[in-house]
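Engineer:
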Amino acid sequence: MSNMAFFDLNKYRQNAESFLSELDKEYYMHYAGLQQELNTSDIYIKYESLFDLSNFEAIKEMRKASKNADETKKLSYLIRFCGEGLVENYARELVDRIGEQEANATVKIDGKDISYRYSDVLLANEADKSKRDAIDDKRNAVTKKSLNPSLYQYWETVHRQAEKLGFASYRDMFEFLKQEDFSTLENSMNMLLEKTADIYQVHFGNLLKKELGISLGDARRSDFAYLRRAARYDRYFKKEALVNVFKDTLLEMGIDIEKQPNIILDVEERRNKSPRAFCATVKVPDEIYLVVMPKGGQDDFEAMFHEGGHAEHFANTSAKLDFEYKFLGDNAVTEGYAFTLEHLMQSSAWLSCFLKMAHREAEDFTYFSNLSKLWFCRRYASKLKYELLLHNGSSISGKDQAYRHILSDAVMMQHHPEDYLKDVDEGFYCTNYIRAWIFEAQLKDYMHRKFGYEWFRQKKAGSFLKEIWSYGQKYGPDEVLMQLDYKGLDINYLIDNLAEEIQKHK
């Protein structure tokens with residue numbers, strides 16, 4: 001008998017929404033530093049029936065039988081949700097253990113036990129190269145000893161589960177779930193690596209030498225953390241001004257966050273708060289948490305605007321949309337909207353208008369910001385290459401050196417093998433960031449042509465953003481771009497924009 005015969009689709013959708021709401025609230029409480037323990041296991045147990053193989057097969061059968069394009073799309077999103085859950089459910093206790101191990105881990109710095117998470121903040125603020133290296137070495141030692149055994153077990157578990165579901169590998173499974181050809185995306189990023197290699201080596205190398213006094217060949221990934229802090233610009237990026245600048249920017253576009261009670265701002269400093277900013281979509285569009293760990297500097301502003309982009313997207317999502325379009329869908333869409341606000345840091349007009357930055361300094365900062373963006377693009381090109389290797393069905397053992405070589409070659413800075421399991425996101429999330437960068441480059445091209453280079457001062461631009469935000473994630477990046485008269489995602493927009501912005505600097 002068909003799996004569809006006993007499958008209640010409406011009930012499944014309702015339970016899936018409740019599950020995601022409770023899960024995101026748990027993540028918020030833990031990573032915001034409001035509770036020490038991370039307990040996703042109980043939530044997975046409560047909703048264990050969601051992640052039954054028969055449900056996975058039933059939804060696949062329903063999609064195969066569907067004659068309606070809209071219903072087919074929603075079922076595709078549900079297949080991805082159920083498939084990811086089938087894998088994660090088997091590793092739920094490991095996820096909790098890893099979260100708690102990281103929260104409890106400490107690094108001894110200057111004779112004091114410092115939270116592992118907070119040590120990342122100290123590293124980014126450490127001007128002395130030798131001290132920065134020492135912090136980096138101690139963090140690597142903790143990663144290797146305290147985190148990697150559980151991370152190894154986690155990745156082995158999810159790899160085995162993908163194979164039990166009938167897929168050749170974890171990679172094969174996620175190409176099916178995301179309906180993407182990762183090789184095509186890898187080819188596009190190889191093009192980016194090739195076409196930007198000379199620009200990167202010359203311009204980024206010169207910047208590193210000028211700002212830190214070290215050459216690319218002698219630099220570590222941790223040196224980029226300090227470079228990106230851009231401490232010399234701190235007088236413009238004041239911690240106490242962060243929230244007001246964000247609010248004022250939105251207000252100029254006709255978006256008043258004070259009148260959005262569904263966005264809860266959390267910018268408090270807490271000992272165990274994750275240094276990585278995040279947005280928790282507990283109930284879309286009614287309960288959205290915007291969480292940033294204030295530590296001073298331009299990267300605070302980038303984080304606030306990036307996560308603020310997520311928050312505005314989901315807070316403006318139409319409540320009338322079906323569950324799949326509010327909570328599921330292609331996350332490259334929301335990442336693209338997040339980058340749209342974050343990359344205001346690359347606009348000298350925005351810097352002059354909202355931060356009162358002098359013209360020459362604004363030009364210098366946009367140069368720095370675009371070089372940082374190129375660093376990230378090249379790094380994620382190499383992350384994709386490495387993760388395709390990590391998840392290809394072969395043994396995890398020994399891939400630490402492959403990680404070191406692949407990532408070090410792309411950004412021409414030393415990456416350490418200890419991070420080969422930690423510097424990996426679940427479900428090939430790196431592809432979302434990559435496609436979002438491409439999406440945002442084309443969206444920016446459209447907004448520049450329609451609203452001008454100072455689009456952030458146009459209420460019509462704000463109305464346009466609210467309109468496309470209102471569709472949640474019903475449409476993928478390609479579909480949004482085709483509605484704006486593009487043929488789909490095109491890597492050349494990203495490559496050309498980066499090259500133009502960097503090379504015009506005198």
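Residues 1 to 506 (the working numbering) are what the sequence shown spells out, left to right.
Don't be surprised by glycine CBs; every beta carbon is placed ideally from N, CA and C.
At which residue ranges does the stretch 256 to 331 contain complete alpha helix (DSSP H) runs of 4 or more residues, listed in the order of the chain?
Structural biologist: Within the stretch 256 to 331, the complete alpha helix (DSSP H) runs of at least 4 residues are 298 to 315 and 323 to 327.
Engineer: Tell whether a beta-carbon distance below 8 Å holds between E440 and T340.
Structural biologist: Mapped onto the sequence shown, residue 440 falls at position 440. Mapped onto the sequence shown, residue 340 falls at position 340. Cβ distance < 8 Å, so E440 and T340 count as in contact.
Engineer: Check whether the stretch 95 to 106 and the stretch 69 to 87 touch, using three or more Cβ-Cβ pairs below 8 Å as the test.
Structural biologist: With the cut-off at 8 Å, the stretch 95 to 106 and the stretch 69 to 87 do not touch.
Engineer: Does the beta-carbon of V333 have 16 or more other beta-carbons within 10 angstroms, so that it is buried, or is it exposed?
Structural biologist: Stepping through the sequence shown from its first residue, residue 333 is reached at position 333. V333 is buried by the Cβ-count criterion.
Engineer: Return the first residue and the last residue of the beta strand (DSSP E) that I43 is part of.
Structural biologist: Translated into positions along the sequence shown, residue 43 becomes position 43. It is not in any beta strand (DSSP E) - I43 instead sits in the alpha helix (DSSP H) that spans S41 to K46.
Engineer: Tell me, to the nearest whole angstrom, how far the beta carbon of K209 is from that of P294; I am working on the premise that it is less than 8 Å.
Structural biologist: What you label residue 209 is simply residue 209 of the sequence shown in a count that begins at 1. What you label residue 294 is simply residue 294 of the sequence shown in a count that begins at 1. No, K209 and P294 are not in contact; Cβ-Cβ is about 30 Å, not under 8 Å.
Engineer: For R235, which three-state DSSP category applies?
Structural biologist: Residue numbering aside, residue 235 sits at position 235 when the sequence shown is read from its first letter. Three-state DSSP puts R235 in coil, outside helix and strand.
Engineer: Bridge partners of I114, per DSSP?
Structural biologist: Taking the sequence shown and counting its residues from 1, one reaches residue 114 at position 114. In the DSSP output, where bridge partners are listed per residue, I114 has V107.
Engineer: If you draw a straight line from the C-alpha of T184 to the C-alpha of D425, how long is it?
Structural biologist: Walking along the sequence shown from the start, residue 184 turns up at place 184. Walking along the sequence shown from the start, residue 425 turns up at place 425. Taking the straight line from one Cα to the other gives about 20 Å.
Engineer: If you pair each beta-carbon of the stretch 491 to 498 with each one of the stretch 276 to 289, do three or more pairs fall below 8 Å?
Structural biologist: These segments do not touch.
Engineer: For the ligand FMN, any of its heavy atoms closer than 7 Å to the Cβ of A141?
Structural biologist: Looking for the ligand FMN in the displayed structure turns up nothing, as the structure carries no ligands at all.
Engineer: Compute the beta-carbon to beta-carbon distance between F237 and W375, rounded to the nearest angstrom, for a pair I have assumed lies under 8 Å.
Structural biologist: Residue 237 sits at position 237 when you count from the first residue of the sequence shown. Residue 375 sits at position 375 when you count from the first residue of the sequence shown. Not confirmed; about 19 Å, so no contact.
Engineer: For the alpha helix (DSSP H) holding L216, just list the boundary residues, first then last.
Structural biologist: For this step, residue 216 is matched to residue 216 along the sequence shown. Here L216 belongs to no alpha helix (DSSP H), and DSSP marks it neither H nor E.
Engineer: If Q442 sits next to L481, beta carbons under 8 Å apart, how far is it from one beta carbon to the other, in whole angstroms?
Structural biologist: Here the question's residue 442 lines up with position 442 in the sequence shown. Here the question's residue 481 lines up with position 481 in the sequence shown. Going by Cβ atoms, the distance from Q442 to L481 rounds to 6 Å, so yes, they are a contact pair.
Engineer: Is Q414 helix, strand or coil by DSSP?
Structural biologist: On the sequence shown, position 414 is the one that residue 414 refers to. Correct three-state label for Q414: strand.
Engineer: Quick one: using the 10 Å Cβ neighbour count with 16 as the cut-off for buried, is R235 buried or exposed?
Structural biologist: What you label residue 235 is simply residue 235 of the sequence shown in a count that begins at 1. Under this definition R235 is an exposed residue.
Engineer: Helix, strand or coil for H391 per DSSP?
Structural biologist: If you number the sequence shown from 1, residue 391 lands on position 391. In the structure shown, H391 sits in coil (DSSP, three-state: anything other than H, G, I, E or B).
Engineer: Name the residue from D24, N89 and S21 whose alpha carbon lies nearest to the alpha carbon of I45.
Structural biologist: One-based indexing of the sequence shown puts residue 45 at position 45. Of the listed residues, the one whose Cα sits closest to I45 is N89.
Engineer: Looking at the secondary structure, which residues open and close the alpha helix (DSSP H) in which V512 lies?
Structural biologist: Residue 512 cannot be examined here, being either before or after the span of the chain that is shown, 1 to 506.
Engineer: Please determine if the stretch 467 to 479 and the stretch 405 to 420 are in contact, where contact requires at least 3 C-beta pairs separated by less than 8 Å.
Structural biologist: Segments in contact, no.
Engineer: To which residues of the same chain is G462 closer than 7 Å at the C-beta, ignoring the five residues directly before and after it?
Structural biologist: One-based indexing of the sequence shown puts residue 462 at position 462. Within the same chain, G462 has close Cβ partners M253, G254 and I255.
Engineer: Take L498 as the anchor and find which of K459, W437 and E479 has the nearest alpha-carbon.
Structural biologist: The residue you call residue 498 lines up with position 498 of the sequence shown. When only C-alpha atoms are compared, the closest one is W437.
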